[in-house]
Structures are given as structure tokens and as C-alpha cells.
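Student: Taking our numbering, I'd label the letters of the sequence shown as residues 884 to 1206.
Handing you this structure, nothing more for now.
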Amino acid sequence: MEFFIAFAIAAIVTFLLVRPISALAHKLDFEDKPTERKNHKVPVPLIGGVIMFLGFSAPYAVFILFADGFSQLPINYGGILLGAALILSIGLFDDFFKTRKKEFPIWPRLLVQIGAASIVYAVGVRFWGIDLPWTSGDPIVFIPVIQYFLTVMWILGITTVMNWIDGLDGLAGGTAGITACTLFVFAMFMGETSSAFMAAALVGSIVAYLRFNFFPTKTKIFMGDSGANFLGYMLAVISLHGAFKQATVIAIIVPVLAMGLPIFDSISVMIRRIVNRAPVHKADHRHLHQRLQKKGLSAKHTVVMLLLFCMCLNLTSIILILI
């Protein structure tokens, strides 16, 4: 029941905040302007990330105020939300530069993301070791330096791949929503109720956001880099908090497979850029959704096809959980 309440609060708050915050974005000229490379014909508010963050945070505030601390809240949620706020903030700076047709430097963004990942590590959410099924005895516990490195790289990696896949309406949001559902199922199966709570709240905020970013919709908002980074960060943290805490091979494979679409797409893009001696971080037209559109698929059909593929990967990961 608590998980449904978390989902509902996040969805309702996200939905109710769309219009007032969109109006504020319009007044501040914080909008994505139409160009020859973009499909939209009018400026679109670039504040989906802010709205989803506030919607995701709302269940925590409600349960703390009215449920006497609610035992299923993670004790380290303060550090998790602080890291999310940092990720969101640096993404907003990036989005602001883009609304002014300028490029935000990569290094400040990278340093802030490392700082957010370091906070998560400091509050105890980390990749601490692994339990191999073909070995006997205690699990292999990594030394702190390796724990820190793997934790930071996982958070940076998932944050980045979610940002890179955000190219069509509903694609990044739909992918994140499907993945969060799988992480919820896995967390419940493993008895990690606090991770399940975070996943339920994240799904609620995403579902409400997609009401304004999927086909068809008249009132449209974009998540921007701030939103894509926030979603990637939260998916990485939820998997670290729940799945990777178990340290089994299956516990590691499940979230990797669940996030397989953005991970495999980004790896293929990076390989192509390296082969062509292009900067790895520079945007191009080598992503899977762009190549499908070049083959003649419409934006809507491309998104539907990729989300169906994402569902297949996530269903496969759920089957792994159950067998």
C-alpha cells in the first residue's frame, strides 16, 4: 500500500506542477527554440527535470511529516536527494546555455556529477563486492578505492547514457519508466523495500511527465539534460541501493540488462566515434533512434519500436529474477 501511495503522490504532484512551472519557464525564456534540426514548431519549456525531481521528492516529505518517519524510507535518502539536486542543477546550467545557443563546458558538469556520486558513496550506497556462484566461502569484498571507483563510474555511466538516448519525445522517459518498474520488481523480490519505495516514486513522476511528452499531446514539455541526467542518476542509485547490494552475479546482470537499450546504444556510438576519430562526447547522428529514422521510420514508430525492445530486455531480466 505504501508503494502505491508513493507512486500516486509523485504522479499527482508532477502533474499539478506542469502548468505553473511551464508558465514560469515561458516568462524566463527557458525554452527549447525550434531550429532546422528539431521537429517542434514552437518553443517548448525545458523544465521536465525540475518537475520530475519535485514530484519524486514529494512522497518523502509527505511520509516524513505524516507517517512518523515511515520505516521503509532509506536512512540515506538525504544524501541521495542532495546528489540528485546537484545533478539537476548542473543540468539546468547546461540547458540554460543551450537556450542561448551556447555550449556548456563538459568539465564543470563532470566534476559536479563526480561530486554527486561521491555523496552517494559517502552515505553508504556503493558497489562493495561480488559473490561468485562458482566459489565457496564469503563474498569477495573490494578495497575502498575499487568500491569508490566502481560506484562513481556506474553512476556517471548510467547518467550519461540516459542523456544520450534523449532524442525523441517519450524515448528517454519511457525507457526510464520501464527500467524503474523492473528495479521495483527486483527490489520487492529481494526484500529491499526502501529501494522499491524509490522506484515507485520515480515511476510515478515519469508517468505524469510522459502525459506531456508522449504521442499525442498538445501541451508539451521537454526534460532537457537536467531531466535525463536526473533519471539516469536515480536509476543508477536505485540499482546500487537494491540490486548491487546483494552482490550476486544475477543481481548485477539484472539492472545492466534492464538498462540495456541506452547502455548498448551508447557503447556502439562510442565505438563508432573512436573508429572515426571523432570526440567521444560530441553529439552526432549515430544513435540507434537516428539511424532508424534515416531508414524511413517516423519519430512515433521509432519510439514505439525501441520501447518494445526495451520491454523485451526488461522482461528477460525479470525472468532471470524468477528462475
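Just so it is clear, CB atoms sit at the ideal spot from N, CA and C, and this is done for glycine as well.
Give the straight-line distance between the Cα atoms of A889 and M935, rounded to the nearest whole angstrom.
Tutor: 13 Å
Student: Rounded to a whole number of angstroms, what is the C-alpha to C-alpha distance between G938 and N1112?
Tutor: Taking the CA atoms as reference points, G938 sits about 16 Å from N1112.
Student: Run through the DSSP bridge pairs and tell me what D915 is partnered with.
Tutor: V927
Student: Whose C-beta lies closer than 6 Å to the C-beta of R902 among residues of the same chain, with five residues either side of it excluded?
Tutor: Closer than 6 Å at Cβ, skipping near neighbours: no residue.
Student: If you follow the alpha helix (DSSP H) that A1022 is in, where does it begin and where does it stop?
Tutor: It should be noted that the sequence gives Pro, not Ala, for residue 1022. Here P1022 belongs to no alpha helix (DSSP H), and DSSP marks it neither H nor E.
Student: On a CA-only basis, which of P1145, V1028, E885 and G1053 is nearest V1186? Give me that one, please.
Tutor: Looking from the CA of V1186, the closest CA among P1145, V1028, E885 and G1053 belongs to G1053.
Student: Within this structure, are the beta carbons of S1122 and P1138 separated by less than 8 Å?
Tutor: Yes, these two residues count as a Cβ contact at 8 Å.
Student: Given S1001, which residues of its chain have a CB within under 6 Å of its CB, disregarding the five upstream and five downstream residues?
Tutor: none
Student: Does the stretch 1167-1185 come into contact with the stretch 1039-1056, if we say contact requires no fewer than three beta-carbon pairs (one atom in each stretch) closer than 8 Å?
Tutor: yes
Student: Which whole-angstrom value describes the C-beta separation of A1063 and L1118, a residue pair presumed to lie in contact below a C-beta threshold of 8 Å?
Tutor: 7 Å
Student: Helix or strand or just coil, what does DSSP make of D1014?
Tutor: Strand.
Student: Give the straight-line distance between the Cα atoms of N1159 and I892, rounded to the nearest whole angstrom.
Tutor: Just so you know, the alpha carbons of N1159 and I892 end up roughly 47 Å apart.
Student: So, A1091 versus F1067, is the Cβ gap smaller than 8 Å?
Tutor: no
Student: With a threshold of 16 other CB atoms inside 10 Å of the CB of V927, please say whether the residue is buried or exposed.
Tutor: A residue is called buried when at least 16 other Cβ atoms come within 10 angstroms of its Cβ; V927 meets this threshold and is buried.
Student: Can you tell me which of the three DSSP states D977 falls into?
Tutor: helix
Student: Which residues mark the beginning and the end of the alpha helix (DSSP H) in which M1142 is found?
Tutor: Premise fails: M1142 is in no alpha helix (DSSP H) and is neither H nor E.
Student: Taking its Cβ as the centre, do 16 or more other Cβ atoms sit within 10 Å of I1089, making it buried, or is it exposed?
Tutor: buried
Student: Output yes or no for whether 8 Å exceeds the beta carbon distance between F1215 and G931.
Tutor: As displayed, the chain neither begins before 884 nor continues past 1206, which places residue 1215 out of reach and without an answer.
Student: In whole angstroms, give me the CA-to-CA distance for L1189 and L1093.
Tutor: 16 Å
Student: Just to confirm my understanding: we take Q1176, look at its own chain, exclude 5 residues before and 5 after, and list those with CB closer than 6 Å. What are they?
Tutor: Only T1185 meet the Cβ criterion.
Student: Taking only the alpha-carbon atoms, compute the straight-line gap between L1205 and F1069 and give it to the nearest angstrom.
Tutor: 9 Å
Student: In the structure shown, what three-state DSSP assignment does N1112 receive?
Tutor: In the structure shown, N1112 sits in a helix (DSSP, three-state: H, G or I).
Student: Given that a residue counts as buried once 16 or more other Cβ atoms are within 10 Å of its Cβ, and exposed if not, what is C1193?
Tutor: buried
Student: Over what stretch of residues does the alpha helix (DSSP H) that includes A1070 continue unbroken?
Tutor: Segment L1054 to M1073, the alpha helix (DSSP H) holding A1070.
Student: With the cut-off set at 8 Å, would you say L929 and G1107 are in Cβ contact?
Tutor: yes
Student: Tell whether a beta-carbon distance below 8 Å holds between I963 and V1152.
Tutor: In this structure, V1152 does not lie closer than 8 Å to I963 by Cβ.
Student: According to DSSP, is T1100 part of a helix, a strand, or is it coil?
Tutor: coil
Student: Give the straight-line distance between the Cα atoms of A1084 and L1203, rounded to the nearest whole angstrom.
Tutor: C-alpha separation (whole angstroms): 24 Å.
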